[in-house]
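Take a look at the structure set out below.
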Amino acid sequence: MIGDRATDDVAASNASADRKQRGAWFTPQHLVDAVVEAVVDDAFVACRRDRPIQVLDPACGDGRFLTTVRAAVERRGGSVRLVGVDVDASTIAAIDSTLGIDTVCADALGGGWIDSVRPDGGFDLVIGNPPYLSQMAAATSRGGSSGRGGGPYMDAAAEFLALGSELVDANGGRLAYVVPQSILSARDAGDVRRRIDDRSTMFWSAWTGERDFDAQVVTCAVAFEFAPSASGRSDGNWSHVVTERSGVPALASVFERSEPSSGRLGDRVRLNANFRDEYYGMIPAVGDHAAGPPLITSGLIDPGRSLWGVRPVRFAKQRFSAPRIDVAALDAKMTRWAEQRLVPKVLIANQTPILEAVCDPDGDWLPGVPVVSAYPLDPEHAVGVAWSVAAMLTSPAASVWAWHQRGGTGLGPSAIRVGPTMLAELAWPDGSLADAIGALRAGEIMRCGELVDAAYGVTSDEHESSMTWWSAILDRIERRS
Ligand SMILES: C[S@@+](CC[C@H](N)C(=O)[O-])C[C@H]1O[C@@H](n2cnc3c(N)ncnc32)[C@H](O)[C@@H]1O
């Protein structure tokens, strides 16, 4: 009957909205097996053979991680005590009681459940695939900072990482999760990463660059062993999980200095990106008008050049062939915004496989959303600084560096999200950029890249591998254009 079908449709769509809110996408068994095999090895079981191994999945769904752990432990002659927590009562009720899991129906992040199940000394293993709740989307946002540190945009999966690190045995316990790849280098999760690095070593990871299951994001798996004197990295940067597997060259040694001798990009330019308010403020003024400053969106920025007027763009769901902003149609606040931006600057694309920057020496353009802009701080040398910045960003060295900062933050596996905070940290080269600027102005992008690498003092081996990687991507970008 039609009426019943409508009711079913509503129920199905409510169920799907509820699933989205809980991040309830279950892990395929092959991925569960891979994680469990990596963390439940002979040594882990052997030193716990005299007692049950205490295992927790704080977002357990149907308990598949826990039952797979039990099988792996028992194959090695050990035994387990399994604790599964899930916020969803029907999920918990559906767990077969014969599986021997101590179930708890609770918001794991709330913490009220911990004392009743936590063993003295902590869990030997905390494992699972916690919910991924993007803080950018209204439906899944907690609306502010988490109770476990990190910035307001930190995904809930990172809160679960922090929770796991609190509950695991600090002396030999292991923590293994499937998480969205953005956790590896998202700025707002940096605090959680650093705290975990301080107490553990990442001893295993996996990344395929694919959407491994229903979750709408690229995922990875990471495993840590905790120890009072952990020998892991302590910089809170986990982008190596992606860079080591996706062909990104090693970071040039010149970038390993803690204090670059010529300072950083952020010392010479103010970097910022437009946000929602500017986007909505611009909409009434954008059109293929005859007059007004050209609007440069991220899609119009290629390394060293703008494709304005060459490539059509979509802005606010409309297509434009050469969009300009009619400044007279802006309100007072947006008029001030436009005036401040019509100065010499560099515009940098936001989601890209390599850094893509273009110089606007005469201050003729206005940046779209979410283009990153770099405004020279010294008005007397603004044009020279703008050219220097555009040149240094048009180099293998800077792009490899950016991947090592933000690998994993892109919407897809082959891009990174480029933001002002990251760019401000880029070291300024010690050598002269004059020839590189000349090459860039002449449209010789590869030559610019070679000369900037030389100005940075990148060794010839490092330059060879980064140039091979960078020029192949540059080729693809040029063919696309
Ligand atoms: C990605 S699923 C993973 C389930 C299971 N671990 C697996 O790998 O198949 C996430 C689970 O977390 C649960 N969940 C969401 N928010 C939670 C919270 N705050 N506390 C505990 N569980 C939560 C959801 O109900 C869902 O079952």
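Using my numbering, read the sequence shown as starting at 753 and increasing by one per residue. The C-beta atom is built at its ideal place from N, Cα and C for all residues, glycine as well. The model shown is predicted, which means the values in this text are computed figures rather than measured ones.
Any non-hydrogen atom of ligand 2 closer than 7 Å to residue i Cβ
i: residue 1232; result: Absence of ligand 2 from the depicted structure is noted, with ligand 1 being the only ligands included.
Status (buried if at least 16 other CB within 10 Å, exposed otherwise) for residue i
i: residue 1076; result: buried
i: residue 968; result: exposed
i: residue 1105; result: buried
i: residue 764; result: In this prediction, residue 764 scores a pLDDT of 49, lower than 50, which makes its location untrustworthy; the coordinate-derived value is nonetheless stated afterwards. That one is exposed.
i: residue 923; result: exposed
i: residue 1231; result: exposed
i: residue 1032; result: exposed
i: residue 874; result: buried
i: residue 827; result: exposed
i: residue 1035; result: exposed
i: residue 883; result: buried
i: residue 798; result: exposed
i: residue 991; result: buried
i: residue 1027; result: exposed
i: residue 1014; result: exposed
i: residue 1017; result: buried
i: residue 845; result: exposed
i: residue 1083; result: exposed
i: residue 861; result: buried
i: residue 1233; result: exposed
i: residue 1030; result: buried
i: residue 809; result: buried
i: residue 1092; result: exposed
i: residue 964; result: buried
i: residue 1129; result: exposed
i: residue 1022; result: exposed
i: residue 977; result: buried
i: residue 1062; result: exposed
i: residue 1070; result: exposed
i: residue 1202; result: buried
i: residue 1228; result: exposed
Range covered by the beta strand (DSSP E) that runs through residue i
i: residue 854; result: 853 to 857
i: residue 968; result: Counting along the chain, residue 968 falls outside any beta strand (DSSP E), and DSSP gives it neither H nor E.
i: residue 1100; result: 1097 to 1100
i: residue 1065; result: 1065 to 1067
i: residue 1071; result: 1070 to 1072
Bridge partner(s) assigned by DSSP for residue i
i: residue 954; result: 976
i: residue 959; result: 972
i: residue 809; result: 836
i: residue 1024; result: 1125
i: residue 1016; result: 1179
i: residue 912; result: In the DSSP output, where bridge partners are listed per residue, residue 912 has none listed.
i: residue 1057; result: 1054
i: residue 773; result: Note: residue 773 sits in no beta bridge, so no partner.
i: residue 1003; result: Answer is none; residue 1003 lacks a bridge partner.
i: residue 1109; result: 1100
i: residue 1046; result: 1076
i: residue 1039; result: 1076
i: residue 920; result: 875
Segment limits, alpha helix (DSSP H) that includes residue i
i: residue 796; result: 794 to 798
i: residue 1200; result: 1197 to 1208
i: residue 1217; result: 1212 to 1232
i: residue 929; result: It is not in any alpha helix (DSSP H) - residue 929 instead sits in the beta strand (DSSP E) that spans 926 to 932.
i: residue 784; result: 781 to 791
i: residue 1088; result: 1084 to 1093
i: residue 993; result: 992 to 995
i: residue 827; result: 816 to 827
i: residue 878; result: Note, residue 878: premise wrong, no alpha helix (DSSP H); beta strand (DSSP E) at 877 to 880.
i: residue 869; result: 866 to 869
i: residue 842; result: 841 to 845
Distance between beta carbons of residue j and residue i, contact taken as under 8 Å
i: residue 1147; j: residue 1204; result: 3 Å
i: residue 1038; j: residue 1052; result: Going by Cβ atoms, the distance from residue 1038 to residue 1052 rounds to 13 Å, so no, they are not a contact pair.
i: residue 1237; j: residue 1135; result: There is simply no residue 1237 to check, as the chain begins at 753 and stops at 1233 in what is shown.
i: residue 988; j: residue 940; result: Not really, about 12 Å apart at Cβ, beyond 8 Å.
i: residue 1045; j: residue 1003; result: Not confirmed; about 38 Å, so no contact.
i: residue 971; j: residue 1000; result: About 19 Å; that fails the 8 Å criterion.
i: residue 1040; j: residue 1074; result: 6 Å
i: residue 952; j: residue 993; result: Not quite, the Cβ-Cβ distance comes to about 15 Å (not below 8 Å), so this is no contact.
i: residue 832; j: residue 774; result: Contact doesn't hold; Cβ gap of about 26 Å is too wide.
i: residue 879; j: residue 944; result: So it is not a contact: roughly 18 Å between Cβ atoms.
Contact with chain B by residue i, beta-carbon distance below 8 Å
i: residue 1156; result: Of the protein chains in this structure there is only one, and it is not chain B.
Legend entry - Within the stretch 1112 to 1199, ranges of the beta strand (DSSP E) (whole runs, at least 3 residues): 1124 to 1128
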